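Numbering (this note's numbering), first residue to last: 5 to 292.
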Amino acid sequence: MATEPLPPQKTASADRGAPVTAPEDAVPAAGSTGEPLVRFDKVVKRYGDHVVLDQLDFTVDRGEHVTLIGPSGSGKTTILRLLMTLEKVSDGVIWVNGSPLSHVRTPGGALKPAGEKELRESRKKIGMVFQQFNLFPNMKVLQNITEAPISVLGKDREEAETRARELLDLVGLAGKVDAHPSQLSGGQQQRVAIARALAMEPEILLLDEVTSALDPELVAGVLELLGDIARNTDITMLCVTHEMNFARDVSEKVLMFDAGRVVESGTPEKIFSDPSHERTREFLDAVL
Ligand SMILES: Nc1ncnc2c1ncn2[C@@H]1O[C@H](COP(=O)(O)OP(=O)(O)OP(=O)(O)O)[C@@H](O)[C@H]1O
Ligand SMILES: [Mg+2]
């Protein structure tokens, strides 16, 4: 749970060192159309005959922090993997910033499924942190963070390393630059994974149960770091979590999923204290 209140300005707290800076284009342009940053438009995901996402519609506004809740198997991870372009939609369209993420426009204006090249391009805007950290075990901490900025964004090594050191300072791991992941605790590995995602200067940060593999005493520190990022940057966040206090502190909107559809959405106060649907009530009774 995030604890200390932070000053409202968009800089990191003093004790965490370098600021987390959002990409310049993460701020809406003057005269912006008000188009949501993310829009799922009748998105279907099937594995064989199994319909995992069923004509799913939802939107996320720029800068919004959204918590996704719902029972196991309801499709939460699938939603994040589709956004990360690790999976392809079976039907429907995912829009990011008014452009189709899952598709490209043909010269005639029709939409066709995006190819690998377009998907790689889309992936640059989005960062993801997984439950199991997924660090590169054979690389030192610094390299884990600089690898994608150099190979995907084309940054030069010196610039990437300077930024990686700033981010390690921010996540409280300045002393671990040369460590290998196996020499770090779970909480430290997850902080590196968060730094690695931020190094890509994502517009959107996807967090999939990032504290559920951690020892209980390490959870609060990682949640506090994520709370800092939410408060001090303009990065849009989609977060799957069972940490309801964190969801209350950090998110403006909670989406409750069941069987690949949104059962209801609302503020954390509304969803956690006065849900409209029996399915939400049952779910919250089971997890709270
Ligand atoms: N690669 C795959 N092949 C076949 N079925 C899959 C695949 N990935 C996910 N599924 C199925 O899709 C459904 C939704 O899975 P998903 O991982 O999105 O659920 P979830 O809401 O994240 O659940 P949990 O809370 O347990 O993490 C599940 O029934 C799962 O078995
Ligand atoms: Mg999941």
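The beta carbon of each residue, even a glycine, is placed where N, CA and C say it ideally should be.
Please read these numbers as outputs of a predicted model, since none were measured by experiment.
Rounded C-alpha distance that separates GLU91 from GLU120 = 11 Å
message = Taking the beta strand (DSSP E) that GLU268 belongs to, which residues open and close that run?
response = 265-270
task = Taking 8 Å as the threshold, find out whether the segment 75-93 comes into contact with the segment 201-211 through three or more Cβ pairs.
result = yes
Helix, strand or coil at LYS180 [DSSP, three-state] = helix
inquiry  = Are the CB atoms of ARG252 and PRO220 within a distance shorter than 8 Å?
reply    = no
inquiry  = Quick check: what's the CA-CA separation for LEU57 versus ARG50?
reply    = 7 Å
inquiry  = Can you tell me whether GLU170 is buried or exposed? The criterion is at least 16 other CB atoms within 10 Å of its CB, across all chains shown.
reply    = buried
Residue of THR110, LYS116, LEU115 and ARG43 minimising C-alpha distance to LEU84 = ARG43
task = Check whether the segment 180-189 touches the segment 140-147, taking contact to mean three or more Cβ pairs, one atom from each stretch, closer than 8 Å.
result = yes
query = Between VAL56 and ligand 1, is the CB less than 7 Å from at least one heavy atom?
reply = yes
ask   = Hey, ALA154 and ALA164: beta-carbon distance below 8 Å or not?
value = Going by the sequence as given, residue 154 is Ile instead of Ala. Yes, the pair counts as a contact, with Cβ atoms nearer than the cut-off.
ask   = Sorry if obvious, but does the Cβ on THR293 come closer than 7 Å to a heavy atom of ligand 2?
value = Nothing in the structure corresponds to residue 293, since the chain is present only between 5 and 292.
message = Pairs of beta-carbons, one from the segment 258-272 and one from the segment 220-232, closer than 8 Å: are there three or more?
response = no
query = Which runs of the beta strand (DSSP E) fall wholly inside the segment 74-101 and span at least 3 residues, in chain order?
reply = 95-100
inquiry  = Considering only heavy atoms of ligand 2 and the C-beta of each residue, which residues fall inside 7 Å, strictly closer?
reply    = LYS80, THR81, ASP212, GLU213 and VAL244
query = Can the beta-carbon of ALA118 be found less than 8 Å from the beta-carbon of SER103?
reply = no
request  = Assuming VAL156 and LYS129 form a contact by the criterion Cβ under 8 Å, report the distance between their Cβ atoms to the nearest whole angstrom.
outcome  = That pair is no contact at about 11 Å.
query = Does the beta-carbon of ALA30 have 16 or more other beta-carbons within 10 angstroms, so that it is buried, or is it exposed?
reply = The pLDDT assigned to ALA30 is 41, lower than 50, so where the model puts this residue is not dependable, and the model offers no usable value.
inquiry  = What I want to know is whether the C-beta of SER78 ends up closer than 7 Å to one or more non-hydrogen atoms of ligand 1.
reply    = yes
query = Are the Cβ atoms of LEU72 and LEU259 separated by less than 8 Å?
reply = yes
ask   = Hey, quick one: how far does the alpha helix (DSSP H) through GLY191 stretch, first residue to last?
value = 190-203
query = In chain order, what residues of the same chain lie with their CB nearer than 7 Å to the CB of LEU222, ignoring the 5 residues before and after it?
reply = Scanning its chain for C-beta atoms nearer than 7 Å, with the 5 sequence neighbours on each side dropped, one finds around LEU222 the residues SER189, GLY190 and GLY191, in chain order.
request  = Give me the Cα-Cα distance between ASP278 and ILE98, rounded to the nearest whole angstrom.
outcome  = 30 Å
message = Between which two residues does the alpha helix (DSSP H) holding MET260 run?
response = That residue, MET260, is in no alpha helix (DSSP H); its beta strand (DSSP E) goes 257-262.
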